[in-house]
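Engineer:
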Amino acid sequence: MSARGERCATPVLSTIGSVFQPASAPDYIPEIQLQQLQLSRLRAVVERAWERVPLFRSRLDARGIVPEDIRTLGDVTLLPFTVKTDLRDTYPFGLFASPMRDVVRLHASSGTTGKPIVVAYTSADLEVWSQVMERAFATCGLHRSDIIQNAYGYGLFTGGLGAHYGAERLGATVIPISGGNTDRQIMILRDFGVTAICCTPSYFLHMVDRAADLGVDLRELPLRAGVFGAEPWTETMRTRIEAMAGIRAFDIYGLSEIIGPGVAVECECQGGLHIFEDHFYPEIINPETGEPMPPGEEGELVLTTLSKQAMPVIRYRTRDITALLPGSCPCGRTLRRMKRISRRSDDMLIVRGVNVFPSQIESVLLAMADTMPHYQIILTREHGLDQMEVQVEVTARMFSDTVGALEKLNDQLADAMERVLQVRTRITLVEPHTIPRSEGKSHRVIDRRSL
Ligand code: DLL
Numbered sequence: 010m011s012a013r014g015e016r017c018a019t020p021v022l023s024t025i026g027s028v029f030q031p032a033s034a035p036d037y038i039p040e041i042q043l044q045q046l047q048l049s050r051l052r053a054v055v056e057r058a059w060e061r062v063p064l065f066r067s068r069l070d071a072r073g074i075v076p077e078d079i080r081t082l083g084d085v086t087l088l089p090f091t092v093k094t095d096l097r098d099t100y101p102f103g104l105f106a107s108p109m110r111d112v113v114r115l116h117a118s119s120g121t122t123g124k125p126i127v128v129a130y131t132s133a134d135l136e137v138w139s140q141v142m143e144r145a146f147a148t149c150g151l152h153r154s155d156i157i158q159n160a161y162g163y164g165l166f167t168g169g170l171g172a173h174y175g176a177e178r179l180g181a182t183v184i185p186i187s188g189g190n191t192d193r194q195i196m197i198l199r200d201f202g203v204t205a206i207c208c209t210p211s212y213f214l215h216m217v218d219r220a221a222d223l224g225v226d227l228r229e230l231p232l233r234a235g236v237f238g239a240e241p242w243t244e245t246m247r248t249r250i251e252a253m254a255g256i257r258a259f260d261i262y263g264l265s266e267i268i269g270p271g272v273a274v275e276c277e278c279q280g281g282l283h284i285f286e287d288h289f290y291p292e293i294i295n296p297e298t299g300e301p302m303p304p305g306e307e308g309e310l311v312l313t314t315l316s317k318q319a320m321p322v323i324r325y326r327t328r329d330i331t332a333l334l335p336g337s338c339p340c341g342r343t344l345r346r347m348k349r350i351s352r353r354s355d356d357m358l359i360v361r362g363v364n365v366f367p368s369q370i371e372s373v374l375l376a377m378a379d380t381m382p383h384y385q386i387i388l389t390r391e392h393g394l395d396q397m398e399v400q401v402e403v404t405a406r407m408f409s410d411t412v413g414a415l416e417k418l419n420d421q422l423a424d425a426m427e428r429v430l431q432v433r434t435r436i437t438l439v440e441p442h443t444i445p446r447s448e449g450k451s452h453r454v455i456d457r458r459s460l
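Counted the way this note's numbering counts, the sequence shown spans residues 10 to 460.
(1) Mark Gln279 as exposed unless 16 or more other C-beta atoms lie within 10 angstroms of its C-beta, in which case mark it buried.
(2) Gly263 and Gly238 look like a contact to me (Cβ under 8 Å); what is the Cβ gap, rounded to whole Å?
(3) Check whether the Cβ atoms of Leu388 and Pro382 sit closer than 8 Å, and answer yes or no.
(4) Could you please give the first and the last residue of the uninterrupted alpha helix (DSSP H) stretch that includes Asn159?
(5) Looking at Ile186: is its Cβ nearer than 8 Å to the Cβ of Ala205?
(6) Between Pro210 and Ile157, is the Cβ-Cβ spacing less than 8 Å?
(7) Would you report the Cα separation of Ala234 and Pro339, rounded to the nearest angstrom?
(8) If we require 3 or more residues per run, which beta strand (DSSP E) segments fall completely within the segment 291-324?
(9) Going by alpha carbons, who is nearest to Asp420 out of Met377, Ile455 and Gly281?
(10) Could you spell out the range, first to last residue, of the beta strand (DSSP E) harbouring Val183?
(11) Does the segment 220-230 come close enough to the segment 129-141 that 3 or more CB-CB pairs lie under 8 Å?
(12) Our contact map puts Val127 next to Pro101 with C-beta atoms below 8 Å; I'd like the distance itself, whole angstroms only.
(13) To the nearest angstrom, how far is it from the Cα of Ala319 to the Cα of Leu64?
(14) Measure the alpha-carbon distance for Arg328 versus Arg50 and round it to whole angstroms.
(15) Report yes or no: do three or more beta-carbon pairs, one from the segment 265-277 and one from the segment 285-293, lie closer than 8 Å?
(16) Just curious, the alpha helix (DSSP H) that Thr94 is in, first and last residue?
(17) Looking only at its chain, what residues have a beta carbon closer than 6 Å to the beta carbon of Gly120, apart from the 5 residues adjacent to it on each side?
(18) Is the number of C-beta pairs between the segment 72-86 and the segment 41-61 that are closer than 8 Å three or more?
(19) Ile370 and Met302: beta carbons closer than 8 Å?
(20) In this structure, how does DSSP classify Met357 when only helix, strand and coil are distinguished?
(21) Using DSSP with H/G/I as helix, E/B as strand and the rest coil, what is Ser118?
(22) Between which residues of its own chain and Leu165 is the CB-CB distance below 6 Å, once the five residues before and five after are set aside?
(23) Can you tell which of Gly299, Lys348 and Ser337 has the C-alpha that lies nearest to the C-alpha of Arg326?
(24) Does the ligand DLL have even one heavy atom less than 7 Å from the beta-carbon of Glu240?
(25) Within its chain, find whatever has a CB closer than 6 Å to the CB of Glu177; leave out the 5 residues flanking it on each side and keep chain order.
(26) Can you list, in chain order, the residues of its chain with a C-beta nearer than 6 Å to that of Gly362? Leave out the 5 residues immediately preceding and following it.
(27) Measure the C-alpha to C-alpha separation of Asn190 and Val360 and round it to an integer number of angstroms.
(28) Rank Ser409, His392, Thr380 and Gly393 by C-alpha distance to the C-alpha of Val399 and give the top, closest one.
(29) Per DSSP, which residues does Asp329 bridge with? Please list them.
(30) Using a Cβ-Cβ cut-off of 7 Å (strictly less than) and excluding sequence neighbours within five positions of Ala106, which residues of its own chain qualify?
(31) Between which two residues does the beta strand (DSSP E) holding Arg390 run?
(32) Quick check: is any heavy atom of the ligand DLL less than 7 Å from the C-beta of Phe65?
(33) Helix, strand or coil: which one does DSSP assign to Arg433?
(34) Report the residue from Val54, Gln140, Tyr130 and Arg52 whose alpha carbon sits nearest the alpha carbon of Ser33.
(35) May I ask which residues mark the beginning and end of the alpha helix (DSSP H) holding Arg490?
(36) Pick out whichever of Met142, Phe146 and Val113 has its Cα sitting closest to the Cα of Thr131.
The structure is reproduced here in structure tokens:
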């Protein structure tokens, strides 16, 4: 057990929700009962996807499998994986298992090229989502008396609305401020007596820095908790945030393809993230071979949605590297825990909470005359905020052109990048043959963000 785990000796039973069934009750479900529930939900979701999603059906047919072959939870390994490119190849609605009249919300996240991936929710799906988010907040010790500043972005990104409805369901007071405008964030934190904040950990660090510049000491405010996720962060970063802001900082994990935020979250013990296993079935595989990893070992997280209607996703390869932790948690929850995500097995970068693939940058360069697809991405962190610079080689003809022409190209590229990546990028145009060539894998990314 970690030192953090030892801090929490008594079960934290939430008293929110109905008197008869606290919202957190499923977190304490006995293991056998949980497995029975998972199996019946797994069978139903496989049946639904088989009946309604042609890609899934053709893959099961190719393996000679029918939904009735799923007799135990272990049989999940008979099923084919789903990968991000499946969402791209069936863009926009090809994996939906509900007719559009039953779909009440769409969200989107970055794909590997220009087009985003699209995810759908029925009203029952939204209900599940706000339930798991309510449970997530309760797991972090929040309750109806909290005033929650929600600085995750509202819009196609799942962070804003996902956290919003969960916090409302909890009965807390929600401030739907969305991301950005840091000075206003700090003013509201102080003036509204905010007790909890949700945003990416790097954005919160930026807020901490800015608050210091403005002479605001966050430790003197009622702020007591932060629910941080959407990007990898470390124990060092947690220690720093907790000390500088005088709060407890909790890690929350999720991804659009599965639901959004609310797949897993830390409890008071901060010794791993409890997975809401009654809705999301986890496996850990070897990212190279696709084979299951021995219990407790690190590998790629694979998730199956157990209750999603509009877009059931079977054995989704998240590319996130983690391990399922052995043993039980002192908090009393029976839900298994995963280690914080340490890294990804693909080249996806997360810049200010936005997912960025180098292939998206390449597609912009290839569409633009006068640039070459030779580029390098340099990531730094200034005042807690991620900065992305893309160094791009231009053609020899372009390089000998006027300064004005180069500036124009620079602006065009920065605009095109922002349109595709949803994040502002500093462009540096360089002479042909300046970017180091590699004989093997190209080293396109230099990540100088520390912490
Ligand atoms: O980032 C959902 C989310 C919103 C999670 C707010 C938590 C809080 P996507 O934009 O689809 O969804 O990005 C999903 O972000 O596969 C991970 O690589 C990464 N990620 C999300 N949470 C964490 C975390 C949202 N706590 C991708 N630690 C995932 C590390 C995270 N990485």
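Glycine residues also receive a C-beta, built at the ideal position from the N, C-alpha and C atoms.
Structural biologist: With the given structure in hand:
(1) In the sequence shown, counting from the first residue as 1, residue 279 sits at position 270. So Gln279 counts as buried.
(2) The residue you call residue 263 lines up with position 254 of the sequence shown. The residue you call residue 238 lines up with position 229 of the sequence shown. Contact flag correct, Cβ pair sits at about 7 Å.
(3) Walking along the sequence shown from the start, residue 388 turns up at place 379. Walking along the sequence shown from the start, residue 382 turns up at place 373. Contact: no.
(4) By 1-based counting over the sequence shown, the position of residue 159 is 150. It is not in any alpha helix (DSSP H) - Asn159 instead sits in the beta strand (DSSP E) that spans Ile156 to Asn159.
(5) To locate residue 186, count along the sequence shown from 1; it is residue 177. To locate residue 205, count along the sequence shown from 1; it is residue 196. Not closer than 8 Å, so no.
(6) Numbered from its first residue, the sequence shown carries residue 210 at position 201. Numbered from its first residue, the sequence shown carries residue 157 at position 148. Against a cut-off of 8 Å, the Cβ pair of Ile157 and Pro210 comes out as no contact.
(7) One-based indexing of the sequence shown puts residue 234 at position 225. One-based indexing of the sequence shown puts residue 339 at position 330. Taking the straight line from one Cα to the other gives about 20 Å.
(8) Unbroken beta strand (DSSP E) runs of no fewer than 3 residues, entirely contained in the segment 291-324, are found at 308-314, following chain order.
(9) Along the sequence shown, one-based indexing puts residue 420 at 411. Closest by alpha carbon: Met377.
(10) Within the sequence shown, residue 183 is the residue found at index 174, counting from 1. From DSSP, the beta strand (DSSP E) with Val183 extends over Thr182 to Ile184.
(11) no
(12) Mapped onto the sequence shown, residue 127 falls at position 118. Mapped onto the sequence shown, residue 101 falls at position 92. Indeed, because the Cβ distance is near 4 Å, the residues count as touching under 8 Å.
(13) Here residue 319 refers to the residue found at position 310 when the sequence shown is read from its first residue. Here residue 64 refers to the residue found at position 55 when the sequence shown is read from its first residue. Roughly 15 Å between the two C-alpha positions.
(14) Your numbering for residue 328 matches position 319 in the sequence shown. Your numbering for residue 50 matches position 41 in the sequence shown. If you take the alpha carbons of Arg328 and Arg50, they lie about 24 Å apart.
(15) Three or more pairs of CB atoms, one per stretch, sit closer than 8 Å, so the segment 265-277 contacts the segment 285-293.
(16) One-based indexing of the sequence shown puts residue 94 at position 85. Looking at the DSSP string, the run of the alpha helix (DSSP H) that includes Thr94 is Lys93 to Asp98.
(17) The sequence position of residue 120 within the sequence shown is 111, counting from 1. These residues qualify, in order along the chain: Arg97 and Ile126.
(18) yes
(19) What you label residue 370 is simply residue 361 of the sequence shown in a count that begins at 1. What you label residue 302 is simply residue 293 of the sequence shown in a count that begins at 1. For Ile370 and Met302, no; Cβs fall outside 8 Å.
(20) As a position in the sequence shown, residue 357 is number 348, starting the count at 1. Met357 falls in the coil class under three-state DSSP.
(21) By 1-based counting over the sequence shown, the position of residue 118 is 109. Shown here, Ser118 sits in a strand according to DSSP, grouped into three states.
(22) Here residue 165 is taken as the residue at index 156 of the sequence shown, counted from 1. Cβ within range, chain order: His116 and Ala117.
(23) Taking the sequence shown and counting its residues from 1, one reaches residue 326 at position 317. The residue with the shortest Cα to Cα distance from Arg326 is Gly299.
(24) Taking the sequence shown and counting its residues from 1, the one referred to as residue 240 is at position 231. Because some heavy atom of the ligand DLL lies under 7 Å away, the Cβ of Glu240 counts as near it: yes.
(25) Your numbering for residue 177 matches position 168 in the sequence shown. Excluding positions up to five away in sequence, the list reads Val183.
(26) Within the sequence shown, the letter at position 353 stands for residue 362. If we look at Gly362 and ignore the five residues flanking it on each side, its Cβ neighbours are Thr209, Ala239 and Glu240.
(27) Residue numbering aside, residue 190 sits at position 181 when the sequence shown is read from its first letter. Residue numbering aside, residue 360 sits at position 351 when the sequence shown is read from its first letter. Approximately 17 Å, taken between the alpha carbons.
(28) Residue numbering aside, residue 399 sits at position 390 when the sequence shown is read from its first letter. Among Ser409, His392, Thr380 and Gly393, the Cα nearest to that of Val399 belongs to Thr380.
(29) As a first step, residue 329 must be located in the sequence shown, where it is residue number 320. Its beta-bridge partners are Arg353.
(30) As a position in the sequence shown, residue 106 is number 97, starting the count at 1. Scanning its chain for C-beta atoms nearer than 7 Å, with the 5 sequence neighbours on each side dropped, one finds around Ala106 the residues Arg57, Ala58, Arg61, Val62, Gln318, Ala319, Met320 and Pro321, in chain order.
(31) Position 381 of the sequence shown, counting from 1, holds the residue named residue 390. Its beta strand (DSSP E) spans residues Thr380 to Glu391.
(32) By 1-based counting over the sequence shown, the position of residue 65 is 56. Distance from the C-beta of Phe65 to the nearest heavy atom of the ligand DLL is not below 7 Å.
(33) For this step, residue 433 is matched to residue 424 along the sequence shown. Arg433: coil per DSSP, three-state reduction.
(34) Looking up residue 33 in the sequence shown gives position 24. The candidate whose alpha carbon is nearest that of Ser33 is Gln140.
(35) With the chain represented from 10 up to 460, any question about residue 490 goes unanswered, as that position is not in the structure.
(36) Here residue 131 refers to the residue found at position 122 when the sequence shown is read from its first residue. Considering only alpha carbons, the answer is Val113.
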